[in-house]
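Numbering (full-length UniProt numbering), first residue to last: 1 to 212. Backbone N, C-alpha and C define an ideal beta-carbon position, used for all residues, glycine too.
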Amino acid sequence: MPSETPFRRHRAIPTGNIMHILTAGVDEAGRGPLVGSVFAAAVILPEIFDLPGLTDSKKLSEKKRDALAEMIKNQAVAWHVAAASPEEIASLNILHATMLAMKRAVDGLAVRPERIFIDGNRIPEHLNIPAEAVVKGDSKIIEISAASVLAKTARDAEMYALAQRHPQYGFDKHKGYGTKQHLEALKQYGVLPEHRRDFAPVRNLLAQQTLF
Numbered sequence: 001m002p003s004e005t006p007f008r009r010h011r012a013i014p015t016g017n018i019m020h021i022l023t024a025g026v027d028e029a030g031r032g033p034l035v036g037s038v039f040a041a042a043v044i045l046p047e048i049f050d051l052p053g054l055t056d057s058k059k060l061s062e063k064k065r066d067a068l069a070e071m072i073k074n075q076a077v078a079w080h081v082a083a084a085s086p087e088e089i090a091s092l093n094i095l096h097a098t099m100l101a102m103k104r105a106v107d108g109l110a111v112r113p114e115r116i117f118i119d120g121n122r123i124p125e126h127l128n129i130p131a132e133a134v135v136k137g138d139s140k141i142i143e144i145s146a147a148s149v150l151a152k153t154a155r156d157a158e159m160y161a162l163a164q165r166h167p168q169y170g171f172d173k174h175k176g177y178g179t180k181q182h183l184e185a186l187k188q189y190g191v192l193p194e195h196r197r198d199f200a201p202v203r204n205l206l207a208q209q210t211l212f
């Protein structure tokens with residue numbers, strides 16, 4: 001169901017003529033899970049597009065997200081998905097790793113945007129493009145909503161691939177979050193290289209194992 005919140009659109013008006021501004025929306029997916037990369041996407045949409053039902057990816061069914069992801073990729077002026085690995089998360093911390101993934105997403109765009117809107121309250125450093133952080137931007141700015149869909153579908157794809165390699169952990173069901181099923185699998189089968197060793201449940205389990 002489409003969001004009831006009206007999206008903001010962005011234009012410049014030079015010399016009386018309306019000109020579409022190339023605006024990139026940026027969002028992330030996967031900050032909270034105990035396993036896998038954190039993903040970010042950047043999307044520039046054309047002035048005219050047809051993306052029915054587009055809203056914050058968390059409000060969409062998986063089937064709808066997957067369908068919208070293909071539509072976004074087909075219609076976007078430019079899009080790019082990037083990630084920061086579990087090793088980078090452990091080295092930098094999750095906040096800075098997320099900022100790194102966002103910067104990589106922007107840097108990977110084939111078309112340079114004139115400005116950027118980023119979901120949240122922080123802006124990655126060294127973008128060298130005018131940027132604004134927008135709290136709950138994924139339900140306010142349609143470029144951010146599009147980015148949220150691409151980031152989420154990419155993150156889910158990583159979890160499905162991991163589930164193929166390690167079906168006993170149930171990654172296809174809990175998507176790496178610290179559910180009861182996931183925590184029990186961690187205790188029974190151990191920590192994988194893809195687990196985030198700096199996250200408390202994983203770190204605590206590793207610490208317990210060193211005692212025995």
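Pairing Val77 with Leu150 gives a Cβ-Cβ distance that is not under 8 Å. In the three-state reduction of the DSSP assignment, Arg115 falls in the strand class. Counted as a single uninterrupted DSSP element, the alpha helix (DSSP H) harbouring His182 occupies residues 180-189. Here Ala110 carries a coil assignment [DSSP, helix/strand/coil]. Listed in chain order, the non-local C-beta contacts of Asp138 below 6 Å within the same chain comprise Asp27, Asp56, Asp119, Ile144, Ser145, Ser148, local neighbours out to five positions each way being set aside.
In this structure, Ile44 sits near Val111, with a CB-CB distance shorter than 8 Å. Non-local beta-carbon contacts of Ala29 in its own chain, meaning distances under 6 Å to residues more than five positions away in sequence, involve Phe39, Ala151, Lys152, Arg155 in chain order. Classified as buried, Ile142 has 16 or more neighbouring CB atoms from the shown chains inside 10 Å of its CB. Here Pro201 is not near Leu95, since their CB atoms are 8 Å or more apart. In this structure, the beta-carbon distance from Val106 to Leu92 does not fall below 8 Å.
Take the alpha-carbon of Tyr160 and the one of Glu125: they are about 32 Å apart. Here Ala207 is exposed: its Cβ has fewer than 16 other Cβ atoms, across all protein chains shown, within 10 Å. Taking all protein chains in view, the Cβ of Pro46 is surrounded by fewer than 16 other Cβ atoms within 10 Å, so the residue is classified as exposed.
Counting of Cβ neighbours within 10 angstroms places Pro113 among the buried residues, the total reaching 16 or more. Judged by DSSP in its simplified three-state form, Asp172 adopts helix. Shown here, Asp50 sits in coil according to DSSP, grouped into three states, outside any helix or strand. One alpha carbon belongs to Lys58, the other to Lys136, and they sit about 12 Å apart. Each residue's CA atom was taken as its position, placing Ala157 and Asn121 some 27 Å apart. Looking from the CA of Gly32, the closest CA among Ala67, Asn74, Ala69, Ile89 belongs to Ile89. The beta carbon of Arg203 lies closer than 7 Å to those of Arg197 in the same chain, with the five residues before and after it left out.
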